[in-house]
Structure formats: structure tokens, C-alpha cells
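>
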Amino acid sequence: MPGEMDEQHPVWRTALLDREHDGSWSWKITDQTLLKIVNFLSEMERLTWREIRQQQTGGRRRGPKHKTIPRNHLCKEAQDRLVELQLDDFDELFRFRTGNMERLWGVLSSDSPRIFYPIWWDPDHKVCPSKDQ
928 MPGEMDEQHP
938 VWRTALLDRE
948 HDGSWSWKIT
958 DQTLLKIVNF
968 LSEMERLTWR
978 EIRQQQTGGR
988 RRGPKHKTIP
998 RNHLCKEAQD
1008 RLVELQLDDF
1018 DELFRFRTGN
1028 MERLWGVLSS
1038 DSPRIFYPIW
1048 WDPDHKVCPS
1058 KDQ
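This is how it looks when you write it as C-alpha cells:
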């Protein structure tokens, strides 16, 4: 996916939002959280995919802030939910780190990889918890 889309700006599509899930994460959020997510996406639109992928975390575990994660690295609940949603044909998901624990999970379109489809809002880092949590 990197390469052809590196110099393009991301585009958002909401058709795959998993609004029904109410497990370890959900879209049952406050207006303030929704505004935070919208502001974050607005900031990301100003960047190219290369710039997004080059952002790094700070602290002791320095690494990519936003990245693809193999589907089989997700928790069982997330993997099972992808099957229910008929999204298990995606081998990897893309996740944006929006805060210390907060993550926005989704997939990149196979037709146009610059298009990001958010699926889950994960405020407590439950979809793919760190190994040291």
C-alpha cells in the first residue's frame, strides 16, 4: 500500500462503522469525544499518507504512531467481530493512535488505498492491547 498512496491525502468513509458493538469498545461516546475524533481526522487530512506513517510515538517504546496491524494480532473479540461484520477478508487493519490509550481502527480500501474506513473507536486500547499491559 505505501508507494502509490504516499503522496496522497487520506479520505474518510463511514460506511463500515460498527455502531452496534458494545463490548470492550464501542461508539457510545460523548459529544466531546466525537469532536475530538473529528478534529483529529481533520488534522490528518492536511497530511499525506507518508507524513502520517512517519509520525513517531515518544517515550520508552518509540515507534510508528499510526500503522497497520495484522488481523491475527487483534484480540479474539475483535477477530470474532470482524467475522460477524464480514470484514475478515482484510488481512490487516490500520490504526490511528489519537492519544495515550485511544485508538481509531479501520481498514484501507482495496480499490483506493488512500480511503480509510473507520470501524471502531477504542478508547482503552482493548482491540490490540500491548504485550506489557
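When the letters of the sequence shown are read in order and numbered with this note's numbering, they come out as residues 928 to 1060.
Don't be surprised by glycine CBs; every beta carbon is placed ideally from N, CA and C.
Please work out which residues of its chain come closer than 6 Å, Cβ to Cβ, to residue 1029, disregarding the five sequence neighbours upstream and downstream, and give them in chain order.
1050
> Taking residue 937 as the reference, which of 1056, 1021, 1047 has the closest Cα?
Distance check between residue 937 and each of 1056, 1021, 1047 places 1021 closest, using alpha-carbon atoms only.
> Alpha carbon to alpha carbon, what distance is there between residue 932 and residue 1040?
Inter-residue distance for residue 1040 and residue 932 is about 7 Å (C-alpha atoms, whole angstroms).
> Step through the CB atoms of chain B and report whether any lies within less than 8 Å of the CB of residue 995.
In the displayed structure, chain B is absent; only one protein chain is listed.
> What are the boundary residues of the beta strand (DSSP E) that residue 994 is part of?
Note, residue 994: beta strand (DSSP E), 994-997.
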